[in-house]
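S.K.: Let me begin by handing over the structure; questions about it come next.
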Amino acid sequence: MRSAHTVEQVRAAEAELMARLPEGTLMQRAATGLAVAISNFLGGTYGARVVLLIGSGDNGGDALYAGAQLARRGAQVTAVLLSTKTHQAGLDALKTAGGQAIPAAASAGVSGGVVREIAGADVVVDGIVGIGGRPGLRPEALAVVQVAEEYGVPIVAVDTPSGVDVDTGETPEPHVNAAFTVTFGTHKICHFVDPAATACGPVHLVDIGLDLPPAEVQALQAADIKALYPVPRGESDKYSRGVVGLMVGSTQYPGAAVIATAGALAGPVGMVRYIGPDAVASAVREAHPEVVGDGRVQAWTIGSGLGDELDIPRIRELLDAEEPVVLDADGLKALDDAGDHVDVLITPHAGELSRLLGVDRATVEAERLKYARLAAERFDVTVLLKGATTVIASPDGEVRVNTNATPWLATAGAGDVLAGLCGALLAGGLTPLDAASVGAYLHAAAANLASDGAPITAITVAQALPEATRRLLS
Ligand SMILES: NC(=O)C1=CN([C@@H]2O[C@H](COP(=O)(O)OP(=O)(O)OC[C@H]3O[C@@H](n4cnc5c(N)ncnc54)[C@H](O)[C@@H]3O)[C@@H](O)[C@H]2O)[C@@H](O)CC1
Ligand SMILES: Nc1ncnc2c1ncn2[C@@H]1O[C@H](COP(=O)(O)OP(=O)(O)O)[C@@H](O)[C@H]1O
Ligand SMILES: [K+]
């Protein structure tokens, strides 16, 4: 399990540990991890050209001490000072190790010397701000970051890419886009939640020995997903394994029914029932002869591709009934904030969530964590908000993210596979939060297998689900 803590939680844990250790110990641990990560990225340090962008706080201190270590190993290190205030001991260490420091600004804009240093660098280290930073970059910081971008020099973010909102993952202002990020002690929320997560690139975690409380946001990993997956036992039969009912697809969108069924059949259930127009049911049975008709189920998937053929009163009946429900796509129009919906998992993308909440799509995209949480609370449901990183929020406030997807998964019908699979996981006995977590993880794992760097279709994602599950469970 990967955990993301808030700035407040990190500060408290750091203070507690710092009180017990000699001064500077934590920063040295952080700087050593940072220097190793940069050295690995460069494939060695001797002769490498490293530029450090240094702000006023301890984030700059980390970068300066790491720069000193790299300089001692033969790198040519230049610190560009962005503030009149600089971590003095770090700066002294860099200079002692043979590094140099220059101010960022000339009378107008970035000095020619700084531009030359950045243009010739192998890597730029962003020590502008970390967890003490407010969103956005001051003009002089923005100007040097833009020089690095212009010359295509990769930027390594120290702790967090400067300019992002660390506790929300929002990026309302200009910020660093990192090639990768090296963080300390624990992940921060911006490492997991888009749009900031994308700005972090891959995140390396350096252990500095913090003792942390329960995390605000969690990202389940293979071992966690494996532990949750409902594996049949010797005494299992097709009913006890769970039966999922699918109320999906329409004469307008028959493909959605076929695709969602493929997702459900690749889940841990003993049987899949399809309920829908005769012509669509025939298409489903032609593609999947195992599928049967109406009867008792342990969970429902409702909504994918229903189009205009939406029986809102019937859907509301099922939402209020005992069996858990995955509510997807057009089915979301039946959701109201009245009934008891704790067993309901909704699977919107940002556009669908924006309609549900009456805000525009761009706002939901910009504040994904906030709106996933808000919908979970307002409708008393678990929310799986789809996207490059998936945010899962439960009505009791628990939040998980899924980060293993490939952009190739952004293909028509992929959401139908996910809805079918999540319904099967609910029928297999998982809670909505766990079904969403396992579903999002396996869906993305299957997409990675199916794609391997090439385009995929929704059906090939569904077909790769058994192999993704086999690799998980083996
Ligand atoms: N506290 C600790 O024990 C440790 C801290 N570490 C490092 O220390 C960092 C936190 O250091 P600080 O608390 O000094 O804070 P930062 O270095 O993140 O920020 C420093 C100062 O920058 C100014 N600032 C805020 N937003 C800005 C903006 N948008 N543009 C320009 N300046 C801005 C503020 O005055 C802020 O206090 C962590 O992110 C991590 O890198 C690590 O060394 C590990 C140990
Ligand atoms: N950029 C991306 N990177 C990774 N996964 C993505 C990206 N964009 C979308 N996805 C995933 O692809 C799937 C698309 O589902 P959805 O938008 O419902 O499509 P459809 O309605 O056509 O089935 C979701 O699981 C979503 O999380
Ligand atoms: K930073």
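Numbering of the sequence shown is given in UniProt numbering, commencing with residue 1 and proceeding in unit increments. The C-beta atom is built at its ideal place from N, Cα and C for all residues, glycine as well.
#1: Below 8 Å on the Cβ atoms is my guess for Tyr65 versus Ala119; work out the distance and round it to an integer in Å.
#2: Pick helix, strand or coil for Gly151, following the three-state DSSP scheme.
#3: Using a Cβ-Cβ cutoff of less than 7 Å, which residues in the same chain neighbour Ala97 once the five nearest sequence positions on both sides are dropped?
#4: Does the distance from the C-beta atom of Trp300 to that of Glu323 stay below 8 Å?
#5: List the residues that DSSP assigns as beta-bridge partners of Pro103.
#6: Assuming Pro172 and Pro232 are in contact, meaning their beta carbons sit under 8 Å apart, how far apart are those beta carbons, in whole angstroms?
#7: Quickly, what does DSSP pair Ile302 with across the bridge? List them, please.
#8: Return the residue from the list Ala440, Ala468 and Asp237 that minimises the CA-CA distance to Ala446.
#9: Along the chain, where does the beta strand (DSSP E) that runs through Met1 open and close?
#10: What whole-angstrom Cβ distance do Val144 and Ala157 have, given they're in contact under 8 Å?
#11: Under 6 Å Cβ to Cβ from Met247, same chain only, skipping five residues before and after it: list those, please.
#12: If Thr389 and Ala197 are in contact, beta carbons under 8 Å, what's the gap, nearest whole angstrom?
#13: Taking Cβ positions, are Ala264 and Val272 nearer each other than 8 Å?
#14: Is it buried or exposed for Ala338, if we count other Cβ within 10 angstroms and need 16 for buried?
#15: Does the distance from the C-beta atom of Ala101 to that of Leu81 stay below 8 Å?
#16: How do the region 146 to 155 and the region 74 to 93 stand: do at least 3 beta-carbon pairs fall below 8 Å, yes or no?
#17: Any idea what DSSP makes of Phe41, helix, strand or coil?
#18: Under a Cβ-count criterion, where at least 16 other Cβ atoms within 10 Å of its own Cβ denotes burial, should Met1 be classed as buried or exposed?
#19: What would DSSP say about Val381, mapped onto helix, strand or coil?
#20: Determine the burial state of Ile38: buried for a count of at least 16 other Cβ atoms within 10 Å of its Cβ, exposed for fewer.
#21: Does the beta-carbon distance from Val182 to Gly245 come in below 8 Å?
#22: With DSSP collapsed to three states, give me the class of His175.
#23: According to DSSP, is Asn448 helix, strand or coil?
#24: In three-state DSSP terms, what is Gln69?
#25: Measuring alpha carbon to alpha carbon, tell me which residue in Asp434, Ala464, Asp452 and Ile456 is nearest Pro230.
#26: For Asp167 and Glu235, what's the separation of their Cα atoms in angstroms?
#27: Check Gly410 in the structure and name its three-state DSSP category.
#28: Is it right to say Ile312 is buried, meaning 16 or more other beta carbons lie within 10 angstroms of its own, or is it exposed?
#29: Can you tell me whether Asp330 sits near ligand 2, meaning its C-beta is under 7 Å from at least one heavy atom of the ligand?
#30: Is the separation between the beta-carbon of Ile346 and that of Leu335 shorter than 8 Å?
#31: If you follow the alpha helix (DSSP H) that Thr390 is part of, which residue opens it and which one closes it?
#32: Measure the C-alpha to C-alpha separation of Gln218 and Ile225 and round it to an integer number of angstroms.
#33: Taking all protein chains shown into account, decide if Ser474 is buried (16 or more other Cβ within 10 angstroms of its Cβ) or exposed.
#34: Would a C-beta distance cut-off of 8 Å place Phe184 and Asp165 closer than the cut-off?
#35: Mind reading off the beta-carbon distance from Thr411 to Ala375? Whole number of angstroms is fine, and I expect it under 8 Å.
#36: Do Leu52 and Asp122 come within 8 Å of each other at the CB atom, strictly closer than that value?
M.R.: Here's the rundown:
#1: Your pair Tyr65 and Ala119 does not check out as a contact, with CB atoms roughly 25 Å apart and the cut at 8 Å.
#2: As written in the sequence, residue 151 is Tyr, which differs from the Gly given in the question. Three-state result, Tyr151: coil.
#3: Ala68, Ala71 and Arg72
#4: A contact, by the Cβ cut-off of 8 Å.
#5: Leu81
#6: Incorrect: roughly 48 Å between the Cβ atoms, too far for contact.
#7: Met247 and Leu327
#8: Ala468
#9: First-last for Met1: undefined, no H or E at that position.
#10: In fact, because the Cβ distance is near 14 Å, the residues do not count as touching under 8 Å.
#11: Ile275 and Ile302
#12: 5 Å
#13: Val272 is positioned such that its CB atom lies closer than 8 Å to that of Ala264.
#14: exposed
#15: Yes, Cβ-Cβ distance for Ala101 and Leu81 is below 8 Å.
#16: The region 146 to 155 makes no contact with the region 74 to 93; the number of CB pairs closer than 8 Å stays below 3.
#17: helix
#18: exposed
#19: Coil, per DSSP.
#20: buried
#21: The answer is no: Cβ separation not under 8 Å.
#22: coil
#23: The answer is helix: DSSP assigns Asn448 an H, G or I state.
#24: helix
#25: Asp434
#26: Cα to Cα, Asp167 sits roughly 47 Å from Glu235.
#27: In the sequence on display, residue 410 carries Ala and not Gly. Looking at Ala410 - three-state DSSP - the assignment turns out to be coil, as it is neither helix nor strand.
#28: Exposed: under 16 other Cβ atoms inside 10 Å.
#29: no
#30: For Ile346 and Leu335, yes; Cβs fall inside 8 Å.
#31: Taken as a continuous stretch (DSSP letters only), Thr390 belongs to no alpha helix (DSSP H), being part of the beta strand (DSSP E) at Thr390 to Ala393.
#32: 12 Å
#33: exposed
#34: no
#35: Rounded, the Cβ-Cβ distance is 25 Å, inconsistent with contact.
#36: The Cβ atoms of Asp122 and Leu52 do not sit closer than 8 Å to each other.
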